[in-house]
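Protein chains in written order, with the numbering used here: chain B, 1 to 422; chain U, 423 to 755. Idealized CB from N, CA, C, for every residue including glycine. Here's the structure, in structure tokens; my notes come after.
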């Protein structure tokens, strides 16, 4: 693994070719840089690839359904992941059940693979919750909540990984964390996701400093999709992003982010390093946001059609489909996957539209874990206020009085006393 | 590691040592308690609050961190998600702002975002306030920013006994607590009784009973208010001094009871007065005790300017005379 820890490129060496196993036509054609990771693909075959393909197509169908729901006014906003499913699916399958995942907010495929119901994500964007799933429920695969303040989750991930490390030390009766010490085997890792735009924030940089300092069992993944809303990655950085990690003393590579095999192989290797005390790693996945940043965005204002078409030809779903065909997978499979994906997307649509709005007093329920007098006071006030409308309604029934604006009972009574008549 | 000796008997201690003993007791009682911060290991923190704790509990429980407040607080959040109870030291109040985003958009909101599934037992210790003749960013009182933020609890002890107990209560809280330490009183001594828990974390303390006017403050200001009460008494005015202790939530019932008795209230704080905790208290008391008030609630605060250079701190910071000036105005309204 000398290539991974050798900082020579920082001193002027050329950037190695991004790691790739599948070329754009879906042929197995590993780059020279991929060879050292090829062992991670041993035992992975067509059955795995068909599952990965299914994951991508189902996520894409869900994604398209959510865009449609937003256009119909049913979601407040939608964040498409179209085009980025390749690296997401490979990395998600590279994780082990005991690992923890800290996403940004565009990691729908990873959520799905770790066990989070896609409906949970839709609930967030419909405005029913700021969360969407219970992170403490093992069924949700240790997939943490989406974080909308860019990069904040990188520090939570590093703290979480530090906790994994401290737990391992405790289990070994080791009471010291010395500056500059080697890593500790933890048997579990943390993987955190962010993007090329976020790489300019302070938080991920501080997170890398802490990760390197404590040798946390952690893998940073930057999905470089080339655009931070309207600003190209060339505005964020003059150096390939993976080189920044090398500067922090963290092993780092660049992969073809639309090749799920590359993501799987490198993800496996880096997670294994993390779990065995070899320290943190950093994967820059070169991909492309084929869709808009969000449904509020209009990429035609800042991107050339040529560029989009180039990347549409590199669509990770098409690439893996082509590869599956080279492995002898036939048309009925693709049709069945398509139909299942559409069926699932329709189920999400039906389910999200049937979700009731949250109860008004739910906004008070979890501000604090322990009782809080101000919260209690305001919750009770709201309850009285709401019920006063019901009382006013009851008093009005049978009356011919026309009241344009409903008044709470108390206010209505006061108006009467003061001779204010509508 | 050196032997851990917990405080056993009533002892006269400076406030800095009382917090140190409180941290020691909390760490001994609960293995999930971790300390994190800059220079808190061999040095014991720039104010020595964590003195000897790393030698006693090991560097895996008293973590000297890289110099980055957002990173410290953000990592503490991740550790809390893992089940730890991190106690973070911010070196001076002015340096909390690089970590402000992690506190306000994450720490304060995460339990709510998780719909209650994950508590956030993180304590952020912040030496704050003036009277130490220091350079810029080392004398300020930013408590109101945090008291304004739902999801946070904000407290500030004024005595060594409260400091010893309140730090343990804050660590036991399942919610994030901003723990503002009056750094100018770090070396002020008082009796600490490890067998007599002080009031609950979010209760006020009656610092001095009186009949003519209620004066409320917290942290270092309480000492100033007690001085003012001495002077007032010699002039024939009886001040009731309420030590707020908890800035969010505020324990209003005892404060309102006091105001209903005296009919007058002066709110004193080192912070600038605009949109401040003092404003909030004045408004709430006016709302709930309007018919008991003999005069408007008055605020005594720092001026609405950046904390001035140290040579002017005596002009900026409310002292006993400024408090008494307000008392005079309310008494003669």
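- When beta bridges are read from the DSSP output, residue 224 of chain B appears opposite B/286.
- Annotated as proximal: residue 516 of chain U and residue 562 of chain U, with beta-carbon spacing under 9 Å.
- The alpha carbon of residue 258 of chain B has as its nearest neighbour, out of B/16, B/13 and B/52, the alpha carbon of B/52.
- In the DSSP assignment, residue 100 of chain B falls outside any alpha helix (DSSP H) and within the unbroken beta strand (DSSP E) covering 100-102.
- Fully contained in the region 254-330 of chain B are the following beta strand (DSSP E) runs of length 3 or more, in chain order: 281-286.
- Between the region 319-336 of chain B and the region 244-255 of chain B, the count of Cβ pairs shorter than 8 Å is below three; the stretches do not touch.
- When the Cα atoms are used, residue 719 of chain U and residue 72 of chain B turn out to be separated by approximately 53 Å.
- Contact between the region 675-685 of chain U and the region 628-640 of chain U is present: 3 or more CB-CB pairs across the two stretches fall below 8 Å.
- Under the three-state reduction of DSSP output, residue 105 of chain B falls in the coil class, being neither helix nor strand.
- Under the 8 Å Cβ criterion, the region 52-65 of chain B does not count as touching the region 28-40 of chain B, having fewer than three qualifying pairs.
- Under the rule that a run must span 4 or more residues, the alpha helix (DSSP H) segments found entirely inside the region 632-668 of chain U read 643-656.
- According to DSSP, residue 550 of chain U shares a beta bridge with U/604.
- By the rule that beta-carbons nearer than 9 Å mark a contact, residue 352 of chain B does not touch chain U.
- Of all residues in the region 143-156 of chain B, the ones placed with a Cβ closer than 8 Å to any Cβ belonging to chain U are 144, 145, 147, 149, 152, 154, 155 and 156, in chain order.
- Scanning U/640, U/663 and U/644 for the CA closest to the CA of residue 631 of chain U turns up U/663.
- Closer than 9 Å to the CB of residue 53 of chain B there is not a single CB belonging to chain U.
- Residue 124 of chain B and residue 356 of chain B have their C-alpha atoms roughly 13 Å apart.
- By the C-beta density criterion, residue 472 of chain U is buried, having at least 16 other C-beta atoms within 10 angstroms.
- The straight-line gap separating the alpha-carbon atoms of residue 41 of chain B and residue 87 of chain B is approximately 15 Å.
- Counted as a single uninterrupted DSSP element, the stretch harbouring residue 115 of chain B is not any beta strand (DSSP E), since DSSP gives it neither H nor E.
- Across the structure, residue 144 of chain B and residue 157 of chain B are spaced so that their CA atoms are roughly 9 Å apart.
- Contact annotation: in the region 101-122 of chain B, residues whose CB is within less than 9 Å of a CB in chain U are 102.
- For the region 30-86 of chain B, the full-length alpha helix (DSSP H) segments reaching 4 residues or more read 46-71 along the chain.
- With respect to the 9 Å criterion, residue 583 of chain U and residue 618 of chain U are classified as neighbours on the basis of their beta carbons.
- Non-local C-beta neighbours of residue 592 of chain U in its own chain, meaning closer than 7 Å and more than five positions away in sequence, comprise 545, 577, 599, 601 and 623, ordered along the chain.
- Residue state for residue 433 of chain U is assigned as strand, using DSSP reduced to three classes.
- Listed along chain B, the residues sitting closer than 8 Å to residue 533 of chain U by beta-carbon distance are 366, 367, 368 and 369.
- Approximately 5 Å separates the beta-carbon atoms of residue 55 of chain B and residue 89 of chain B; this is inside 8 Å, confirming the contact.
- Residue 497 of chain U carries a helical assignment under DSSP once its states are collapsed to helix, strand and coil.
- A check of alpha carbon separations from residue 689 of chain U across U/518, U/605, U/652 and U/752 identifies U/752 as the nearest.
- Nearest C-alpha to residue 363 of chain B among B/382, B/342, B/274 and B/192: B/382.
- According to the DSSP assignment, residue 613 of chain U belongs to the beta strand (DSSP E) that extends over 611-614.
- Here residue 754 of chain U is exposed. Its C-beta has fewer than 16 other C-beta atoms within 10 Å.
- Spanning the alpha carbons of residue 496 of chain U and residue 594 of chain U requires a straight line of approximately 20 Å.
- Using a Cβ distance threshold of 9 Å, residue 204 of chain B and residue 214 of chain B do not count as a contacting pair.
- Taking each of U/567, U/477, U/507 and U/539 in turn and checking the Cα distance to residue 451 of chain U, the smallest one comes out for U/507.
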